[in-house]
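Residue numbering for the sequence shown is -28 to -1, 1 to 156, as defined by mature numbering (1 follows the signal peptide of the UniProt record, and there is no 0). The beta carbon of each residue, even a glycine, is placed where N, CA and C say it ideally should be. All figures in this text were calculated on a predicted structure; none of them were measured in a lab.
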Amino acid sequence: MFGRLYSHPHALTVCLSTFLLVSSAACTQEDLDAAKEQLKNVQQTVAKVTPLAETGVNLGPQPAIKTEDCFAKFIPGDSQRSSVLQLTSYKSPTAEDYPAVFFRATLTATNRAQLADQSIAGELYVQTVKGGPLWSTAWEKPPQFKVSAVGEWSITIDVQNIEMSQVDQDAKATFSGQLVGAWK
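Right, dumping it as structure tokens:
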């Protein structure tokens, strides 16, 4: 619940203001003044919080493939399986929109923080239109991607000169850009 409040600073202010209003009936003036000061401090803190990173996908060749949304999920491994990092341009498979981008990497990292500044082998799939050609990296030898930033709210994957092929065709292209995914 509080994660949603942090992502909507005005919601936090409204919640705290409502709490103060409801609880003020049984408070002294001194209590109200102290509560107002605390609210002011919270509002100042919320204003200082760095805005959430803008998410999305921006990949070339030209014309660039761009999306406004990108979602990241880190699935920790255990003694039986490796950890997995996934980034998608859609929140769930049932909400897939185009262009659609899917990135997946199998990792030894046990938590998100360990990914910072690492090069990771991964698979990248891109489909620009529904029913259109699917571009993919070589699955038998996944290329390296650079994790350039890992934060509390998002992760950034750099795509640098990654060769991709159209599935079932001989077409090849070199892709570069970034995937910036919000943790879900």
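Its chain contains P105 as the residues whose beta carbon lies nearer than 7 Å to that of Q141, once the 5 sequence neighbours on both sides are disregarded; these appear in chain order. In this structure, T27 sits near S126, with a CB-CB distance shorter than 8 Å.
Taking C-beta separations shorter than 6 Å and ignoring five residues to either side along the sequence, the partners of K63 in its chain run F43, following chain order.
Rounded to whole angstroms, Q10 and G123 show a C-alpha spacing of 28 Å.
In this chain, the beta strand (DSSP E) harbouring D130 covers S126 to Q138. For R53, the secondary structure class from DSSP, reduced to helix, strand or coil, is coil. Separation of D130 and K8 (C-alpha to C-alpha, rounded to the nearest whole angstrom) is 45 Å. When DSSP states are grouped into helix, strand and coil, T66 belongs to the helix group. At a Cβ-Cβ threshold of 8 Å, S54 and D41 do not count as neighbours. When secondary structure is reduced to three states using DSSP, E95 falls in the strand class. In the three-state reduction of the DSSP assignment, K45 falls in the strand class. The criterion of a C-beta distance shorter than 8 Å is satisfied by V56 and T78. Here G103 is exposed. Its C-beta has fewer than 16 other C-beta atoms within 10 Å. With respect to the 8 Å criterion, Y70 and T109 are not classified as neighbours on the basis of their beta carbons. As the crow flies, the alpha-carbon of T82 is around 6 Å from that of P48.
Where R84 is concerned, there is no enclosing beta strand (DSSP E), because DSSP gives it neither an H nor an E.
The residues A36, K38, G149 and Q150, in chain order, have a CB closer than 7 Å to that of N30 in the same chain once the five nearest residues on each side in sequence are set aside.
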